[in-house]
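In this text, residue positions in the sequence shown follow this note's numbering: the first is 1, and each later residue adds one. By construction, the Cβ of each residue, glycine as well, lies at the ideal position given by its N, Cα and C atoms.
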Amino acid sequence: MTPKKWGLNGKVDKRLQRYICARLGPLPGWSMGYGFDLQEWVKGKELRAWHEYMHSHLGWSHFLGGRAPDLAQICDGLDYSSYQQHRPNYDIYVKAIEQYPDKPTFMEDRFRVRKNVYPKKDYDFDMTRRGLWHSTMAGGAANIWGNLLNPRPDGVSHPYPNKKQIKTWTLFWQNRFKKEMIRDNSITDGVCMKVQSKLLVFYKENADSIKMNLSELKDIFDAVAVDTCKKYKELRLSNFSAKPNQVFIAPYKSDWAIAVKR
């Protein structure tokens with residue numbers, strides 16, 4: 001329920017804000033979005049006032065945001081850039097991240113696996129897996145996921161049946177995702193995230209090969225390929241050189257990720 005009825009940032013609303021700051025402020029590891037469909041009931045100056053009031057009472061650092069439709073922003077003075085998107089693809093993630101590159105990016109709609117609820121909006125398990133890779137290869141964006149097939153009364157997500165695929169994404173990026181990574185799709189026929197001259201990560205879907213320019217590495221390096229659709233297993237690659245026009249020939253067609261480290 002929105003606070004519109006009692007007045008945005010009014011006496012009742014501010015008391016609730018102080019309660020949130022006092023009770024939840026000391027707890028680590030959370031962020032807060034202001035609400036949903038904000039374009040229908042709140043203005044930028046009201047969001048800014050809420051943001052300033054909350055931070056003046058929190059005492060601990062927490063990210064506060066407020067999502068807007070598409071790739072718009074109601075207020076650009078919040079702690080992260082937040083968007084209401086339905087099934088964002090790789091290019092949409094890139095655009096969202098590039099708008100405010102110095103802030104975390106959050107696709108703050110809920111990407112739920114459901115049947116016959118919102119057919120044009122909801123996800124399936126393959127879309128979930130690819131969404132994890134798209135948001136990571138774009139540069140890193142937060143998402144909200146949920147398996148609501150046979151929904152529980154409390155609304156909590158069921159475990160995902162494709163947990164091995166999700167674990168593969170986790171293990172692949174565990175020691176590879178770096179803050180200093182940049183996108184460079186000019187060196188591949190897929191997409192690439194890299195730490196210049198040190199680490200190159202390539203990704204391509206429905207692929208039986210991936211073209212790569214490895215000339216920036218110059219020295220000896222290690223390379224592995226991982227089938228993102230299966231349980232995590234590294235396929236060691238030893239036939240590459242630090243040159244352009246290197247080609248990974250996959251044993252079969254799938255969604256492949258390659259990590260090349262100097």
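- Contact holds between the region 201-217 and the region 178-191, because three or more Cβ pairs, one in each stretch, are under 8 Å apart.
- In terms of CA proximity to K198, K178 leads the group K178, K204 and N206.
- DSSP places M181 outside both helix and strand once states are collapsed to three, so it counts as coil.
- Straight-line measurement puts the Cα of I220 at about 47 Å from the Cα of R114.
- Check the Cα spacing between L24 and each of A96, I92, M54 and N150: the tightest is with M54.
- D255 sits buried, since 16 or more C-beta atoms from the chains shown fall within 10 Å of its C-beta.
- The DSSP-derived three-state label of R15 is helix.
- In the structure shown, the three-state DSSP call for C21 is helix.
- Counting only residues of its own chain and dropping the five nearest sequence neighbours on each side, H134 has a CB closer than 8 Å to the CB of P88, N89, Y90 and Y93.
- In the DSSP assignment, Q246 falls within the beta strand (DSSP E) that extends over Q246 to K261.
- Residue V201 holds the alpha-carbon nearest to the alpha-carbon of N175 among M107, Y118 and V201.
- Between L71 and Y80 the beta-carbon gap is near 14 Å, outside 8 Å, which marks them as no contact.
- For T168, the enclosing alpha helix (DSSP H) begins and ends at K163 to W173.
- Straight-line measurement puts the Cα of Y100 at about 13 Å from the Cα of M107.
- DSSP lists V113 as the bridge partner or partners of N147.
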